[in-house]
Amino acid sequence: MHVEELDRNYLFHPMTNLAAHAENGPHMTIVEGHGATVTDRAGRDYLDAMAGLWCVNVGYAHPEMAEALREQALKLPYFHAFSSMGTDLPARLSERLINMAPVPMSKVFYGNSGSDANDTQAKLVWYYNNVLGRPMKKKIIARRRGYHGVTVLSGGLTGLKNLHDGFDLPLPMIRHIRPPHGLWEREPGQTDDEFATTLAIELDRFIVNEGPETVAALIAEPVMAAGGVIVPPDTYFPKIQEVLDKYDVLLIADEVVNGFGRLGVSFGSVSTNMKPDLMTVAKGITSAYVPLSAVLVSDKVWQVLLDGSAKYGSFGHGYTYSAHPLAAAAAMTNLDIIERDGLVDRVAENGKLLHELLHTAFADHPNVGEIRGRGLMAAVEFVESREPLRPFAQQGAFAGAVTRAALENGVITRALPAADTVSFSPPFVTTPDELERMVAGVRAGLDHAVGELR
Ligand code: PLP
């Protein structure tokens, strides 16, 4: 049997229309990748403008990553970290992450995915409030369009309806508020700062309405990724943070996409003036060569967790793969490569080029509502009409058509779920010439999609 047939018969695909897959099998089968290019079974090359799912930051098939994994697998592929058992590389990686963190942090807890790390965040926040004797303070606020994962808890934090439908999510202690998405949420004529003030006042009212004694934390991506690459106004997080401080509500920064250089600076929190109590990282920590996530815990939270030992004994949370030595080896080498090759500066430089290219290619088009992003993370949002501003009636269909046509042109981009938006998040090693070809491929995809509309 062909692999495509095995796939169709036996592989239960994530985030996939199950009936369509059962009928048609895989859309394509990727067999190789090098740098910013992946190759399908037919031998056709595609420029991957999404670095997989916003994650293969050092590019595909980096020889040093392969060597680091081989070496560690031959030395110590695995040992656990339960009951105070230690291994070398996770300890070294933890020190490195604490030293890199954009705000003072104290401890690192490891998981395997962004989703499980955000579940860990919720458990830490609940444990924290239980230790402090505040059993009512358990609600977690997230933002509509935010993406925080798919597990039972984090799937509810994610503010996208299609991740809730059919799954009885979100869980009852989760709340959602408006995102800082200027295109649709801002009042006409409002400045960035006024928009930020409006959202902060709304949050204040929201917390008062819920009862501040019941609200434990707010989770936010500095720059939203899957929800549409939404960059907040510069004063948004400082104003939000003032409200959180007023009601003793913790701030969790979900840096799963932004972290380790995607925005042309070390972390999204730096780029957006955020001072989190807790941080989630994943994806770019290993450039996705091996699954790894981490939760960074500030001293303020850590001191309370420590007090929990007297009350609860051993901390009853952890995964078989927490602090996995092979994953830590991948992370250490990945961070070495990013540092040594000056990849964050390269992201800043090539990010400017990407935004120039996008503006030149898309800004004047009547179906382009907004071009936005920062560093090597960008999006183009499509609208049916610019004046008056009106979305397409069937949300997502147009961006889907652009994406399919771009693929025909040899460029992989992504139509994002909550908007008619295509996104760009290429590997940090993408060359200027490759960026030009990515933008050109998607621009030609737009022409094709417009042709289909007629
Ligand atoms: N947080 C953010 C910001 C993400 O973009 C994602 C995944 O795309 C997650 C969390 C969940 O990560 P994972 O898919 O590794 O569970």
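Heads up, the final residue of the sequence shown is numbered 1426 in our numbering, and it's a clean run with no missing numbers. Virtual Cβ for every residue (Gly too), placed ideally from N, Cα, C.
How far does the alpha helix (DSSP H) with residue i in it reach, from first residue to last?
i: phenylalanine 1370; result: 1369-1380
i: glutamate 1004; result: It is not in any alpha helix (DSSP H) - glutamate 1004 instead sits in the beta strand (DSSP E) that spans 1002-1006.
i: aspartate 938; result: Nothing can be reported for residue 938: it is not among the residues displayed for the chain, which extend from 973 to 1426.
i: glutamate 1342; result: It is not in any alpha helix (DSSP H) - glutamate 1342 instead sits in the beta strand (DSSP E) that spans 1340-1346.
i: threonine 1258; result: Element bounds for threonine 1258: n/a, residue is neither H nor E.
i: glutamate 977; result: 975-982
i: glycine 1127; result: 1126-1129
i: methionine 1410; result: 1404-1425
i: isoleucine 1235; result: According to the sequence shown, residue 1235 is leucine rather than isoleucine. Element bounds for leucine 1235: n/a, residue is neither H nor E.
i: asparagine 1322; result: 1315-1334
i: alanine 994; result: 990-996
i: proline 1171; result: First, the amino acid is wrong: residue 1171 is leucine here, not proline. From DSSP, the alpha helix (DSSP H) with leucine 1171 extends over 1164-1182.
i: leucine 1155; result: 1154-1157
Would you mind giving the Cβ-Cβ distance between residue i and residue j, rounded to the nearest angstrom? I have them listed as a contact below 8 angstroms.
i: proline 1049; j: leucine 1264; result: At roughly 14 angstroms, the Cβ-Cβ gap does not stay under 8 angstroms, so proline 1049 and leucine 1264 are not in contact.
i: valine 1267; j: valine 1221; result: The Cβ separation is near 18 angstroms, so there is no contact.
i: leucine 1171; j: proline 1152; result: 6 angstroms
i: lysine 1255; j: valine 1228; result: 5 angstroms
i: valine 1394; j: threonine 1375; result: 6 angstroms
i: alanine 1333; j: arginine 1234; result: That belief does not hold up - the Cβ atoms of alanine 1333 and arginine 1234 are roughly 22 angstroms apart, past 8 angstroms.
i: alanine 1192; j: alanine 1225; result: 7 angstroms
i: arginine 1346; j: serine 1243; result: 6 angstroms
Taking only three categories from DSSP, how would you classify residue i?
i: valine 1097; result: helix
i: tyrosine 1291; result: coil
i: arginine 1115; result: strand
i: valine 967; result: Examination of residue 967 is not possible in this model, given that the chain is present from 973 through 1426 alone.
i: tyrosine 1018; result: strand
i: threonine 1385; result: coil
i: leucine 1190; result: strand
i: aspartate 1137; result: coil
i: serine 1243; result: helix
i: leucine 1298; result: helix
i: histidine 1148; result: strand
i: alanine 1391; result: coil
i: alanine 1359; result: Reading the sequence as shown, one finds glutamate at residue 1359 and not alanine. In this structure, glutamate 1359 counts as coil in the three-state DSSP scheme.
i: alanine 1351; result: strand
i: threonine 1466; result: Nothing can be reported for residue 1466, as the shown portion of the chain is limited to 973 through 1426.
i: phenylalanine 1396; result: strand
When every heavy atom of the ligand SAH is checked, does at least one fall within less than 8 angstroms of the C-beta of residue i?
i: leucine 1025; result: The ligand SAH is not part of this structure, which contains only the ligand PLP.
Which first and last residues belong to the beta strand (DSSP E) in which residue i is found?
i: serine 1265; result: 1265-1269
i: aspartate 1206; result: Here aspartate 1206 belongs to no beta strand (DSSP E), and DSSP marks it neither H nor E.
i: aspartate 1012; result: 1009-1012
Report yes or no: do the segment 1116-1130 and the segment 1141-1161 share at least 3 C-beta pairs separated by less than 8 angstroms?
yes
Contact between the segment 1103-1114 and the segment 1265-1283: three or more CB pairs below 8 angstroms?
yes
With a cut-off of 8 angstroms, do at least 3 Cβ pairs link the segment 1310-1330 to the segment 1286-1297?
no
The segment 1365-1372 touching the segment 1405-1416, judged by at least three CB pairs closer than 8 angstroms:
no
How do the segment 1060-1074 and the segment 1032-1041 stand: do at least 3 beta-carbon pairs fall below 8 angstroms, yes or no?
no
Which ranges would you report for the alpha helix (DSSP H) in the segment 1024-1112 if only whole runs of at least 4 residues count?
1035-1047, 1060-1072, 1086-1103
Can you confirm whether the segment 1187-1202 touches the segment 1107-1115 when touching is taken to mean that 3 or more C-beta pairs between the two stretches lie within less than 8 angstroms?
yes
Report yes or no: do the segment 1151-1162 and the segment 1308-1318 share at least 3 C-beta pairs separated by less than 8 angstroms?
no
Report yes or no: do three or more beta-carbon pairs, one from the segment 1381-1389 and one from the segment 1014-1021, lie closer than 8 angstroms?
yes
Three CB pairs or more closer than 8 angstroms across the segment 1399-1406 and the segment 999-1014:
yes
When you compare the segment 1201-1210 with the segment 988-995, are there three or more beta-carbon pairs, one atom per stretch, that lie closer than 8 angstroms?
no
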